[in-house]
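Chains as they are written, first to last, in this note's numbering: chain A, 1236 to 1631; chain B, 1236 to 1631.
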């Protein structure tokens, strides 16, 4: 079995583990940089290797539309296409279908919608999405789910959660079907998916939904866990507008309800403080576009809070973005230089801040892992958050 | 004397040499990537080191406006500001004042104009421009000159050329004055400019003007050469709309009229075929925005001519941009992937094509140097150009 999760040490609900995939190990807790369109925006794969990223994300919805999952398959799969030899996880596109796409028509079979690129009509079913994710060839693939707004009422949340669970069963059946058939000549492209080598299958993660309703979350976790021995679990529909306390409460509920033996991936989270609070509550994997998106807008994570590099106060500031950071931006360039790049619309500025912010979250999860292994997570978390929040740095 | 030029071997007018500066040696013929605003657009300094760039350009006009040459000086000069430890050349801004800026008023003292950024009124004199270039602290600084359109009549061209020569004398006097005074505490920033260390002065290059009028070019070269023992020579006002034959003829005229012992820098050129034809006519240094600007538009130099990566034919093309290229784009990524990045407006695409195109010209001048040293420049040039021009690649 290629997908194993070994927990080295715990601290309350928090865990320091190693998640093994066909493309290598992921030490957890881990932040996964987001490469929606098979590129982590503004960064080079070499940048990500240098900063110690292990698993990264890509998105089935986006890659189906551009360049097409058939094109990616023809070119040898996502790892080869984007030159990333480490693990990849693909999100199914549920979130995108229910947020980006236009004119949705939903029924139990699937969703008809219009592409946000060209308005063309598309129909996604759980089976079709698994076919896309198989063409892409990521190590971990997420189920197709029905995503609803963060503050939906209980009836809507129950409806979406139960539909997602029905779709999960169909995703699993489709993956089993695809894995059981001998691939056609040249497709799928990756030898690791041959039917002869069951150890190299893709890991399908279910997604626990249920909005901010504890009983729905508990129900979903229970039903999903009883359906199959999953290699890991996604937790979706959080950090989408609900308040922080509700999010933390839901994580606690799901932490209790899910089996402890597998990695838990909190989808779309997040910010430094969210990472720390969620690690304390038993989360192992994270992803979020914030570090790159904010970086392209000039926002910088530092140990002393956030700052915006475009502010005039940095015009002649010779200091690095963050004195405690050893990333390829901070070890070379001044705030003044990076501000100049932003003021002058120079592309290098976008890259340097994206690089710094992604490095910041990777480093943060590495520190959390170390704190769990050293048995001082609570003290480390308290001190880290106190310094981060006590900041006099300029709010963004 | 820090600035020496040693010619290892010649082939007709062509020379293979080494130009020594306070920040290291430049093996010639050499292409100098353009970092107008203290960054070679879309590239990291590490990219340039990896591809073997030696001297790069920056621009006094642009850096005076943003972030201000005073800011660059305060931060330790251009080398430290942009983290480039190898040689730098600054263009004076003559070309920008006469092309970008608005509402010019010219007299013999200097030029009044409006900034292209914010419309603020500015007055550039030869002395003021040398002060800017001293604050920036490049190894080689270009004189402030009067630049005119490529096909100007002889009277206008003579007027501008003679004014440029009068301004050159004032540039030299101002540089001597600045070098003779003990710098104030902290300014200029670079210890290499202390008055105690005459070996580390900045090298002022004159610019030979004269449009497409052979007699004016000859006159200018003669007067400039008689004025001073310059460490090198710029040749300006070419590749600005005149036809290729006129350009090559002017280069031949200037090659004959200038002393052979110093490097000649053909400003703003160019394209692969122009580099080869100009090297054959005695040029040692080149700069051009084409490789980065074209790269950002999807145009790619290859040994078999130019192509545009956005074309549909590359949608599933697994080949590198150029099979003979060992740059960091060609050794890793397919045309299909880079096309996908462009179609999806991903920043990595801009970086990869800029990187490839700059590498292409650096590699081309290295090959030319090797051909001169091996005594087979003419054969190499003929074969190179034949393959480049015989291409079936898609024209851009």
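Backbone N, C-alpha and C define an ideal beta-carbon position, used for all residues, glycine too.
Close-in-space but distant-in-sequence residues of the same chain around residue i (CB under 6 Å, 5 per side omitted)
i                       : result
residue 1475 of chain B : 1385
residue 1337 of chain A : 1349
residue 1415 of chain B : none
residue 1500 of chain B : 1469 and 1520
residue 1514 of chain A : 1249, 1264 and 1603
Pairwise C-alpha distance: residue j and residue i
i                       : j                       : result
residue 1622 of chain B : residue 1270 of chain B : 30 Å
residue 1297 of chain B : residue 1350 of chain B : 9 Å
residue 1468 of chain A : residue 1563 of chain A : 34 Å
residue 1616 of chain B : residue 1256 of chain A : 52 Å
residue 1516 of chain A : residue 1356 of chain A : 41 Å
residue 1492 of chain A : residue 1572 of chain B : 42 Å
residue 1258 of chain A : residue 1320 of chain A : 7 Å
residue 1581 of chain B : residue 1278 of chain A : 10 Å
residue 1368 of chain B : residue 1533 of chain A : 29 Å
residue 1327 of chain B : residue 1590 of chain B : 26 Å
residue 1303 of chain A : residue 1510 of chain A : 33 Å
residue 1423 of chain A : residue 1370 of chain A : The predicted model places residue 1423 of chain A with a pLDDT of 47, which falls under 50 and marks its position as unreliable; any figure quoted below should be read in that light. The alpha-carbon atoms of residue 1423 of chain A and residue 1370 of chain A are separated by roughly 6 Å.
residue 1552 of chain B : residue 1243 of chain B : 43 Å
residue 1267 of chain B : residue 1526 of chain B : 11 Å
residue 1253 of chain B : residue 1542 of chain B : 33 Å
residue 1579 of chain B : residue 1505 of chain B : 29 Å
residue 1451 of chain B : residue 1261 of chain B : 30 Å
residue 1406 of chain A : residue 1329 of chain A : 13 Å
Residue span of the beta strand (DSSP E) that contains residue i, given as start and end
i                       : result
residue 1340 of chain A : 1337-1342
residue 1530 of chain A : Note, residue 1530 of chain A: premise wrong, no beta strand (DSSP E); alpha helix (DSSP H) at 1525-1531.
residue 1324 of chain B : 1323-1326
residue 1522 of chain B : 1520-1522
residue 1243 of chain A : 1239-1246
residue 1267 of chain B : 1265-1267
residue 1511 of chain A : Looking at the DSSP string, residue 1511 of chain A is not in any beta strand (DSSP E); the run it does join, the alpha helix (DSSP H), is 1507-1515.
residue 1349 of chain B : 1346-1349
Under 8 Å between C-beta atoms of residue i and residue j
i                       : j                       : result
residue 1364 of chain B : residue 1293 of chain B : no
residue 1310 of chain B : residue 1273 of chain B : no
residue 1485 of chain B : residue 1442 of chain B : no
residue 1522 of chain B : residue 1438 of chain B : no
residue 1251 of chain A : residue 1263 of chain A : yes
residue 1380 of chain B : residue 1471 of chain B : yes
residue 1567 of chain B : residue 1318 of chain A : yes
residue 1352 of chain B : residue 1301 of chain B : yes
residue 1588 of chain A : residue 1288 of chain A : no
residue 1249 of chain B : residue 1612 of chain B : yes
residue 1512 of chain B : residue 1483 of chain B : yes
residue 1382 of chain B : residue 1440 of chain B : no
Assigned exposure category for residue i - 16 Cβ within 10 Å defines buried
i                       : result
residue 1595 of chain B : buried
residue 1494 of chain A : exposed
residue 1570 of chain A : buried
residue 1604 of chain A : buried
residue 1411 of chain B : exposed
residue 1537 of chain A : buried
residue 1387 of chain A : buried
residue 1282 of chain A : buried
residue 1575 of chain B : buried
residue 1547 of chain B : exposed
residue 1331 of chain B : buried
residue 1290 of chain B : buried
residue 1358 of chain B : exposed
residue 1584 of chain A : buried
residue 1625 of chain A : exposed
residue 1490 of chain A : buried
residue 1462 of chain B : exposed
residue 1554 of chain A : exposed
Residue range of the unbroken alpha helix (DSSP H) whose run includes residue i
i                       : result
residue 1462 of chain A : 1449-1462
residue 1592 of chain B : 1582-1609
residue 1329 of chain A : 1329-1332
residue 1492 of chain A : 1479-1492
residue 1255 of chain A : Element bounds for residue 1255 of chain A: not the alpha helix (DSSP H) but the beta strand (DSSP E), 1249-1256.
residue 1366 of chain B : 1361-1371
residue 1411 of chain B : 1389-1415
residue 1568 of chain B : Taken as a continuous stretch (DSSP letters only), residue 1568 of chain B belongs to no alpha helix (DSSP H), as it is neither H nor E.
residue 1315 of chain A : 1313-1317
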